[in-house]
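Engineer:
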Amino acid sequence: MATWDVFHTQTLEIERSIPLESVREALIQGRLSEDDLIRPAGTSDAWVRLTDFPPLLNVKASPKVQASSQSTPPSLARERQKEEEKGGESPEESVVALPVLERDDEPAEDSFPPEENQEESAVALPVLEEKGNLRDVLDVGGPDDSAVALPAVGEEDEPPDFTDWPDDDDEDDEASQVALPATSAAAPPRDEHQDWPPELTSSGASDWGKEEEEDEAIAGFTLARGSAETVEELDLAAMVDVAFQLVLFFLVTATTVLYKSLEVPKPNPESPASAATQGRSRSLEELQQDFILVEIDPAGTMKIDQTPVGANMAELVGRLRDTREKTGRKAMLLSADFATPHRNAVLAYDAANEIGLEIAIARPRDPALGAPPPPPRKAAQG
Amino acid sequence: MLLRRQVSEERDEHIDMTPMVDVVFQLMTFMLFSVQMVSEEDVKVPYAHHGVGVEESAATFLTLLKPSAPGAEPKLLIGNGKGDVANLDGARNAVTEGVKEGRRKVVLQADGEVPHGEVLRVAGAVSEVEGITLHIGVQEADN
Chain A
-14 MATWDVFHTQ TLEIERSIPL ESVREALIQG RLSEDDLIRP AGTSDAWVRL TDFPPLLNVK
46 ASPKVQASSQ STPPSLARER QKEEEKGGES PEESVVALPV LERDDEPAED SFPPEENQEE
106 SAVALPVLEE KGNLRDVLDV GGPDDSAVAL PAVGEEDEPP DFTDWPDDDD EDDEASQVAL
166 PATSAAAPPR DEHQDWPPEL TSSGASDWGK EEEEDEAIAG FTLARGSAET VEELDLAAMV
226 DVAFQLVLFF LVTATTVLYK SLEVPKPNPE SPASAATQGR SRSLEELQQD FILVEIDPAG
286 TMKIDQTPVG ANMAELVGRL RDTREKTGRK AMLLSADFAT PHRNAVLAYD AANEIGLEIA
346 IARPRDPALG APPPPPRKAA QG
Chain B
232 MLLRRQVSEE RDEHIDMTPM VDVVFQLMTF MLFSVQMVSE EDVKVPYAHH GVGVEESAAT
292 FLTLLKPSAP GAEPKLLIGN GKGDVANLDG ARNAVTEGVK EGRRKVVLQA DGEVPHGEVL
352 RVAGAVSEVE GITLHIGVQE ADN
């Protein structure tokens, strides 16, 4: 049993190898729409809309038409209805009235001239095979050429594309060949007992012409992802994540931690008392000739050249800068009390570094060692 | 023409959590290392605007903790914020060993509350070792 591929135009998906009955049921149940496309399974034939697919047209036909012929196309059904409304012929006669090559004794009176007979129709077969196009054949004038008989199905080498159409009765095979004039209408000619020759299905000689081209354009222009057979690309996101983690790890571990510090001159290892005893101490007046004297008492009060100054960075820097410009001294001597907090001394160091002064530190006397000797109050280390 | 997005909007509804998890891991790593560095600061050194950076591996660190009570002697540690308690001789020996190992810089991490005289006393002791440069540990000023 032949199967079909159905292309869902809404979801852009393809269902493959579906039996015709399943397609018909899906169409009736609404799971398939009229705009969905169909083609024989496993082929590269052009997609055909379900509405234009002959084996399915009887699904949408009116019950009255279905009663007469289940596979009658809509155009044919409409024509029959018109004829019925005229009150002329019966539905069966209407079918026969089409220029189908009926070989019976009831030729289509309104399509064929009275003098046309069946023998001439059969003779016209080679014409169709040579031209391969029904329209070309139909354009040929003359009553003899208007009725064209198609070659028998059994004579074809390749089975036609739609050989699986419902074929419940073979008794009228010869009489049910293609109704040629109907091909000029919108719907393709078809009959339930008819097999399409390759010329009709492959060469596009049928009425589907433009619609098939449109369908092909639609089917070929979608941006849908390929079928499940396509190979997915390798997802590199996880690998990139791991790489970034490693980079971060090495970055952090390779970074050397720097501790901020102020470089200060080394104080004299000798105690002030021993330095004074050895006569290497200088008086305060002598030191002030070379250094800007900064004094800090235990409470944190600061003096520059024995003049009080605020214990903050801005004021200290300003006073040191003014003093340097006035006196030309380019070094600072810090004489802080032993008990003053260390942060006050660091403030003085930082202020001296701000304006580029050299730093000298006077080592204070440890109160536990007793009072300092009177003349040289402090020893300095430059 | 149908675009892919028009038909797939209803399908990809879940949110991809992978980038969010990645960012979280990044933050966790950053916090891990940050906390580890902060935890070494057991001493509150004074603030300063100017200073130079000294690598931990290139210096001998001494720490002077603030006195536990007014008038008490500050505690001297051999190391950066933590280490063995030592006296002046122990600090001098540690600096000597550091010089032998190529660490000629001595960073004295003194708490801001430590008396200035105590800092100079330790500095004077380690200055007896030849070939060193003395640094007072500070931290970045706020403004």
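Protein sequences, first through last, are from chains A and B.
So for the first sequence, the working numbering puts the first residue at -14; every next one is plus one.
So for the second sequence, the working numbering puts the first residue at 232; every next one is plus one.
Built from N, CA and C at the ideal position, the CB exists for glycine as well.
#1: Among the residues of its own chain, which have a CB less than 6 Å from the CB of residue 365 (chain B), if the five just before and after it don't count?
#2: Who are the near neighbours of residue 274 (chain B) in its chain, counting only those whose CB is closer than 7 Å to its CB and skipping five residues on each side?
#3: Between which two residues does the alpha helix (DSSP H) containing residue 304 (chain A) stretch?
#4: Shortest alpha-carbon distance to residue 328 (chain A) belongs to which of B:252, B:280, B:262?
#5: Would you list, in chain order, the members of the stretch 313 to 337 of chain A that have their beta-carbon closer than 8 Å to a beta-carbon of chain B?
#6: How would you write the range of the beta strand (DSSP E) that residue -7 (chain A) sits in, first residue to last?
#7: Whose C-alpha, out of A:352, A:331, A:-8, is nearest the C-alpha of residue 31 (chain A)?
#8: Give me the Cα-Cα distance between residue 245 (chain B) and residue 299 (chain A), rounded to the nearest whole angstrom.
#9: If contact means a Cβ-Cβ distance below 7 Å, which residues of the stretch 277 to 297 of chain A contact chain B?
#10: If you draw a straight line from the C-alpha of residue 320 (chain B) to the C-alpha of residue 261 (chain B), how long is it?
#11: How is residue 334 (chain B) classed by DSSP in three states: helix, strand or coil?
#12: Measure the alpha-carbon distance for residue -6 (chain A) versus residue 20 (chain A) and round it to whole angstroms.
#13: Is the stretch 252 to 261 of chain B touching the stretch 300 to 315 of chain A, taking contact as three or more C-beta pairs under 8 Å?
#14: Indicate whether at least one CB of chain A lies closer than 8 Å to the CB of residue 270 (chain B).
#15: Residues of chain B with a CB under 8 Å from the CB of residue 226 (chain A): which are they?
#16: Could you compute how far the alpha carbon of residue 368 (chain A) sits from the alpha carbon of residue 295 (chain A)?
#17: Output the boundary residues of the alpha helix (DSSP H) element that contains residue 11 (chain A).
#18: Is residue 6 (chain A) close to chain B, meaning its C-beta is less than 8 Å from at least one C-beta of that chain?
#19: Between the stretch 344 to 371 of chain B and chain A, which residues of the former have a C-beta closer than 9 Å to a C-beta of the latter?
#20: Report the CB separation of residue 330 (chain A) from residue 276 (chain A) in whole angstroms; it is logged as a contact under 8 Å.
#21: Kindly say whether residue 22 (chain A), judged by its beta-carbon, lies nearer than 8 Å to any beta-carbon of chain B.
#22: With DSSP collapsed to three states, give me the class of residue 344 (chain B).
#23: Helix or strand or just coil, what does DSSP make of residue 340 (chain A)?
#24: Cα separation between residue 179 (chain A) and residue 248 (chain B)?
#25: Shorter than 8 Å from the beta carbon of residue 373 (chain B) to some beta carbon of chain A?
#26: Quick one, which of A:252, A:242, A:244, A:351 has its alpha-carbon nearest residue 319 (chain A)'s?
#27: Any beta-carbon of chain B closer than 8 Å to the one on residue 348 (chain A)?
#28: Could you list the residues in the stretch 278 to 295 of chain B with a C-beta less than 9 Å from some C-beta on chain A, going in chain order?
#29: Quick check on residue 234 (chain A): does DSSP put it in helix, strand or coil?
#30: Beta-carbon within less than 6 Å of residue 279 (chain A)'s beta-carbon, same chain only, minus the 5 sequence neighbours each way: which residues are those?
#31: Kindly list, in the order they appear in chain A, the residues whose Cβ is closer than 8 Å to that of residue 342 (chain B).
#32: Can you give the Cα-Cα distance for residue 283 (chain A) and residue 347 (chain B), rounded to whole angstroms?
#33: If I follow the unbroken alpha helix (DSSP H) through residue 271 (chain A), where does it start and stop?
#34: Below 8 Å between beta carbons: does that hold for residue 290 (chain B) and residue 309 (chain B)?
#35: For residue 369 (chain B), I'd like the list of residues in its chain whose CB is within less than 7 Å of its CB, leaving aside the five on either flank, ordered along the chain.
Structural biologist: Concretely, from the data shown:
#1: 337, 354
#2: 294, 296, 312, 340, 342
#3: 298 to 312
#4: B:280
#5: 321, 322, 323, 324, 325, 326, 327, 328, 329, 330, 331, 332, 334, 335
#6: -12 to -7
#7: A:-8
#8: 59 Å
#9: none
#10: 40 Å
#11: coil
#12: 7 Å
#13: no
#14: Its pLDDT being 49, under 50, residue 270 (chain B) is placed unreliably by the model, and the measurement read from it follows with that caveat. Residue 270 (chain B) does not count as touching chain A.
#15: 249, 253
#16: Look at the range of chain A in this structure, -14 to 367, and you will see that residue 368 (chain A) is not part of it.
#17: 5 to 14
#18: no
#19: 344, 345, 346, 347, 348, 349, 350, 351, 352, 354, 355, 356, 357, 358, 359, 363, 364, 365, 366, 367, 368, 369, 370, 371
#20: No, residue 330 (chain A) and residue 276 (chain A) are not in contact; Cβ-Cβ is about 15 Å, not under 8 Å.
#21: no
#22: coil
#23: helix
#24: With a pLDDT of 47 at residue 179 (chain A), under the threshold of 50, the predicted position of this residue should be treated as unreliable, and no value is reported.
#25: no
#26: A:252
#27: yes
#28: 278, 279, 280, 281, 282, 283, 284, 285, 286, 287, 288, 289, 290, 292, 295
#29: helix
#30: 289, 317, 319, 333
#31: 327
#32: 9 Å
#33: 269 to 275
#34: no
#35: 276, 277, 278, 279, 282
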